[in-house]
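Participant:
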Amino acid sequence: MDSVHVPVLVDEIIEFFKHIHGVFFDCTVGLGGHAEAILTRIDSSVVVGLDIDDEALDFAKKRLERFIEEGRVKLLKSSYVDATRVLKDLGISQVDAILMDLGVSSMQLEKAERGFSFNRDGPLDMRMNKQQTLTAYDVVNFWDEEALRKIIFEYGEEKRYARRIARFIVRNRPIETTKQLVEVLAKAIPDKYARKRHFATRVFQAIRIAVNNELENLKKFLVQVPTMLKPGGRIAVISFHSLEDRIVKEFFRTCFELKQLTKKPITPREAEIKLNPRARSAKLRVAERV
Ligand code: SAH
Numbered sequence: 305m306d307s308v309h310v311p312v313l314v315d316e317i318i319e320f321f322k323h324i325h326g327v328f329f330d331c332t333v334g335l336g337g338h339a340e341a342i343l344t345r346i347d348s349s350v351v352v353g354l355d356i357d358d359e360a361l362d363f364a365k366k367r368l369e370r371f372i373e374e375g376r377v378k379l380l381k382s383s384y385v386d387a388t389r390v391l392k393d394l395g396i397s398q399v400d401a402i403l404m405d406l407g408v409s410s411m412q413l414e415k416a417e418r419g420f421s422f423n424r425d426g427p428l429d430m431r432m433n434k435q436q437t438l439t440a441y442d443v444v445n446f447w448d449e450e451a452l453r454k455i456i457f458e459y460g461e462e463k464r465y466a467r468r469i470a471r472f473i474v475r476n477r478p479i480e481t482t483k484q485l486v487e488v489l490a491k492a493i494p495d496k497y498a499r500k501r502h503f504a505t506r507v508f509q510a511i512r513i514a515v516n517n518e519l520e521n522l523k524k525f526l527v528q529v530p531t532m533l534k535p536g537g538r539i540a541v542i543s544f545h546s547l548e549d550r551i552v553k554e555f556f557r558t559c560f561e562l563k564q565l566t567k568k569p570i571t572p573r574e575a576e577i578k579l580n581p582r583a584r585s586a587k588l589r590v591a592e593r594v
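When we follow the numbering used here, the leftmost residue of the sequence shown carries the number 305, and every step to the right adds one.
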């Protein structure tokens, strides 16, 4: 887990946040990388951190121990969909800054048994929240061909071979593991087409988005932002694929209570991508509550 400790676009985020003092609401606290940077680099900051992954929260608790002892951090197991309620329960009416780092943490990717990675053999799981019942196994083995085609086409943005991939999955059932799924995909997707990106990337992305209802959750979260943020407060969102980025972009553009501070999304410098491959497709957008 060597890439675990490296949060994405951290200097850029601190640049947008550094003049803010008060409550930072880290809605995807994950392994606590961004939270740690905020707590160390921004004086008088306090962090409320959410995650739905128990393993991530355990990790973040250890990493942020010294700040927890100082009373500067509160970590809670909750979905960002319930952000407003969480704040209300804490007696906080509005926060000064919101951070969202979407996507998969390096710990989730690196643990084969979580089933997120096509490079590791594990069960078809992909749940961010292990208390959830729907798993990747259910999607792969029980959804009908048309439902599979649709998510591969829409969430995987696999426009060309979605139908063929869905057909191959259905014909090769039962599919138990990530490795078996990769083998089926290798048969379904022509070599030439697959050369550039790993051929399983889009399909794994599609299944993950479906299992965790990621796009709907993001929308449900964003509509809460204007009421959660103090005037002058800022929200920063890091996304990792164009579907998420489009949702964030549209919301920032059309929400009259927010002013965009990033006309174009900010992307990592080459040097960062070299050090941290997870940064490769990251895009940061920031907006301010008017
Ligand atoms: N910024 C973190 C990494 C975050 S990775 C760091 O620096 O360490 C993204 C995290 O979002 C994962 O841990 C994942 O479990 C979490 N997540 C995904 N969906 C969520 C949801 N609906 N509510 C809260 N957290 C969620």
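Backbone N, C-alpha and C fix where the C-beta goes; we use that ideal spot for every residue, glycine too.
For the beta strand (DSSP E) that Phe-329 lies in, which residues bound it at each end?
Facilitator: Against the sequence shown, residue 329 aligns to sequence position 25. Residues 326 to 330.
Participant: So the beta strand (DSSP E) Gln-564 belongs to, where does it begin and stop?
Facilitator: Here residue 564 corresponds to residue number 260 of the sequence shown, with the count starting at 1. Looking at the DSSP string, the run of the beta strand (DSSP E) that includes Gln-564 is 562 to 564.
Participant: Would you check if the segment 389 to 400 and the segment 529 to 537 touch, i.e. whether three or more CB-CB distances between them fall below 8 Å?
Facilitator: Segments in contact, yes.
Participant: If you drop the 5 nearest sequence neighbours on each side, which residues of the same chain put their C-beta closer than 7 Å to that of Leu-413?
Facilitator: As a working mapping, residue 413 is identified with position 109 in the sequence shown. Closer than 7 Å at Cβ, skipping near neighbours: Phe-420, Ser-421.
Participant: Report the start-end ranges of each alpha helix (DSSP H) in the segment 513 to 538 that is 4 residues or longer and not cut off at the edges.
Facilitator: The qualifying runs are 518 to 526, 529 to 532.
Participant: Straight-line CA distance for Ile-356 to Asn-433?
Facilitator: Here residue 356 is taken as the residue at index 52 of the sequence shown, counted from 1. Here residue 433 is taken as the residue at index 129 of the sequence shown, counted from 1. Looking at the two C-alpha atoms, the distance is approximately 5 Å.
Participant: Could you spell out where the alpha helix (DSSP H) holding Leu-588 opens and where it closes?
Facilitator: By one-based count along the sequence shown, residue 588 stands at place 284. Per DSSP, Leu-588 belongs to no alpha helix (DSSP H); it is in the beta strand (DSSP E), 587 to 593.
Participant: Please classify Ala-451: is it buried, with 16 or more other beta-carbons within 10 angstroms of its beta-carbon, or exposed?
Facilitator: Counted from its first residue, the sequence shown places residue 451 at position 147. Burial call: exposed.
Participant: Closest Cβ-Cβ distance between Ala-341 and chain C: below 7 Å?
Facilitator: Among the chains in the structure shown there is no chain C, since it carries only a single protein chain.
Participant: Which residue from Ala-575, Val-594, Asp-442, Asp-429 puts its Cα closest to that of Leu-313?
Facilitator: As a working note, residue 313 is residue 9 in the sequence shown. Here the closest residue by C-alpha is Ala-575.
Participant: Between which residues of its own chain and Asn-445 is the CB-CB distance below 7 Å, once the five residues before and five after are set aside?
Facilitator: One-based indexing of the sequence shown puts residue 445 at position 141. Contacts found: Arg-477, Pro-478, Ile-479.
Participant: Determine the DSSP secondary structure at Ser-349, reduced to helix, strand or coil.
Facilitator: Your numbering for residue 349 matches position 45 in the sequence shown. Reduced to three states, the DSSP call for Ser-349 is strand.
Participant: Would you report the Cα separation of Arg-389 and Leu-485, rounded to the nearest angstrom?
Facilitator: Stepping through the sequence shown from its first residue, residue 389 is reached at position 85. Stepping through the sequence shown from its first residue, residue 485 is reached at position 181. Cα-Cα distance, rounded: 39 Å.
Participant: Within the continuous alpha helix (DSSP H) that includes Lys-392, where are the two ends?
Facilitator: For the purposes of this step, residue 392 is taken as residue 88 along the sequence shown, with counting starting at 1. 387 to 394 is the span of the alpha helix (DSSP H), which, as asked, contains Lys-392.
Participant: With a threshold of 8 Å on Cβ separation, who are the neighbours of Arg-506 within its own chain once the five nearest residues in sequence on each side are excluded?
Facilitator: Taking the sequence shown and counting its residues from 1, one reaches residue 506 at position 202. Contacts found: Ile-456, Gly-460, Glu-461, Glu-462.
Participant: Please give the ranges of any alpha helix (DSSP H) in the segment 402 to 435, keeping only runs that are unbroken, at least 4 residues long and fully inside the region.
Facilitator: With a minimum length of 4 residues, the continuous alpha helix (DSSP H) runs that stay inside the segment 402 to 435 are 410 to 414.
Participant: Which class does Ser-382 belong to by DSSP, given the choice of helix, strand or coil?
Facilitator: Against the sequence shown, residue 382 aligns to sequence position 78. Correct three-state label for Ser-382: coil.
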